[in-house]
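In full-length UniProt numbering, the protein residues as written are 1 to 381.
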């Protein structure tokens, strides 16, 4: 385990990653809704086909952005938590890199997530040089990683030299995951977009007044647009979640993972997964990607520790040491882990899950009510 300062920096990088991934997802929703405007409520097959092609391109492009952010994040936090990092499978590297180089790479992609830029994408052979940073998220100077000379371990023993280790078949598996993701994107967007719209509009009673019919069609169009946009966000965010999962499933320095909630107010199902706390690596080594593959969707077989629903802002974070789990960043995991056996005492299976979901909803409603009351008290003071 590395120093307390580096562990704290890793926690900060985790928060920055979650925020940046959320920003990428929000941008995806915005873009998906814009594209959907080209599909009229009475869409023809040609119009739907043209939309689908553009939507798939948008999702896969933004998945790359999400994936590259996650890779840079993983390389940085592994260095901060273990003193070693992993190689970028798309770019040859020296045996050692500096911690500052890893900070710069991550910060550049965090910045890209804010403005929607794809510059700095590490799977793009023509990527622009990453900007320098003040810390793990902010600029310090203008020197790019490409301009800095390659450094070896004996150049400066005090310069945070980080050993670069190779993970097997990382690029091959990532490319396979992306092929599967494109197939899933085509299927999901077609079902939740045009097919969903067609089902809804077909159910409209056209014998009603024209204004009522038009209103019903517009509502159907908005609902279908919202569904496909939410799915697009999940598919894009899964690019980053898959990258993290793919790395840690191959990384023998990883002891396991924990599931984190970006919002702090997860749904009952995600809260159940969060309550599992630290999950050891033996329980997930065979799973290769975030989100179910099409085959897993059909069969129902899926390791749910890294499973995500539409509008979900959770992700699985690698744990490199037992001490890491004691971080304040994982307080919700520890709290839910203590509450689960109390809430579900004497129950099992679906009954336990139902009781847990009721408890989480009640807990969150009470917290929201308390927050509203506190705001009212402050305003009246």
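Ideal Cβ positions, reconstructed from N, Cα and C, are used throughout, including at glycine.
Reduced DSSP secondary structure (H/G/I, E/B, other) of residue i
i, result
"residue 315", "strand"
"residue 190", "helix"
"residue 165", "strand"
"residue 263", "coil"
"residue 300", "Any reading at residue 300 must be qualified, since the residue scores a pLDDT of 36, below 50, and its modelled position is unreliable; the value itself is stated next. It is coil, neither helix nor strand."
"residue 274", "helix"
"residue 101", "helix"
"residue 256", "strand"
"residue 176", "helix"
"residue 85", "strand"
"residue 68", "helix"
"residue 2", "coil"
"residue 152", "Reliability of the predicted coordinates at residue 152 is poor, the pLDDT of 44 falling under 50, and the value obtained from them is presented with this limitation in mind. Of the three classes helix, strand and coil, the one that applies to residue 152 here is coil, per DSSP."
Rounded separation between residue i and residue j - CA only
i, j, result
"residue 176", "residue 170", "10 Å"
"residue 356", "residue 347", "10 Å"
"residue 209", "residue 216", "11 Å"
"residue 65", "residue 24", "8 Å"
"residue 7", "residue 85", "15 Å"
"residue 72", "residue 324", "20 Å"
"residue 221", "residue 46", "17 Å"
"residue 279", "residue 337", "12 Å"
"residue 98", "residue 257", "26 Å"
"residue 206", "residue 26", "36 Å"
"residue 384", "residue 276", "Given that the chain is displayed from residue 1 to residue 381, the structure contains no residue 384 and the question cannot be resolved."
"residue 343", "residue 113", "39 Å"
"residue 168", "residue 199", "46 Å"
"residue 67", "residue 239", "5 Å"
"residue 88", "residue 333", "31 Å"
"residue 2", "residue 95", "20 Å"
"residue 244", "residue 110", "16 Å"
"residue 91", "residue 281", "28 Å"
"residue 11", "residue 366", "29 Å"
"residue 353", "residue 364", "16 Å"
"residue 201", "residue 48", "15 Å"
"residue 371", "residue 327", "25 Å"
"residue 232", "residue 375", "35 Å"
Sequence-distant residues of its chain with Cβ nearer than 6 Å to residue i (five each side left out)
i, result
"residue 228", "189, 192, 193"
"residue 15", "none"
"residue 270", "314"
"residue 235", "59, 185"
"residue 165", "84, 86"
"residue 362", "none"
"residue 70", "240, 243, 244"
Chain-order list of residues whose beta-carbon lies under 7 Å from that of residue i (same chain, five-residue window excluded)
i, result
"residue 182", "56, 60"
"residue 345", "none"
"residue 330", "258"
"residue 22", "262, 313"
"residue 35", "51, 54, 55, 58"
"residue 268", "356, 357, 360, 361"
"residue 30", "none"
Where the alpha helix (DSSP H) through residue i begins and ends
i, result
"residue 42", "No alpha helix (DSSP H) holds residue 42; DSSP gives it neither H nor E."
"residue 244", "210-250"
"residue 201", "196-202"
"residue 332", "331-343"
Beta strand (DSSP E) segment containing residue i, residue limits
i, result
"residue 96", "96-98"
CA nearest to the CA of residue i, picked from the options
i, options, result
"residue 19", "35, 261, 328", "261"
"residue 248", "198, 237, 75, 342", "75"
"residue 80", "22, 328, 312, 321", "321"
"residue 163", "83, 266, 198", "83"
"residue 32", "62, 166, 351, 365", "62"
"residue 318", "250, 335, 93, 349", "250"
"residue 103", "89, 51, 335, 160", "160"
"residue 40", "219, 241, 230, 354", "219"
"residue 180", "95, 242, 110", "242"
"residue 43", "281, 225, 231", "225"
"residue 409", "106, 368, 375", "Given that the chain is displayed from residue 1 to residue 381, the structure contains no residue 409 and the question cannot be resolved."
"residue 77", "106, 349, 281", "106"
"residue 28", "326, 310, 370, 371", "310"
"residue 255", "232, 316, 230", "316"
"residue 223", "195, 211, 13", "195"
"residue 307", "37, 273, 100, 335", "273"
Chain D within 8 Å of residue i, Cβ atoms only
i, result
"residue 275", "Of the protein chains in the structure, only one exists, and it is not chain D."
Other residues of its chain near residue i: CB distance less than 8 Å, five sequence neighbours each side excluded
i, result
"residue 204", "213, 216, 217, 220"
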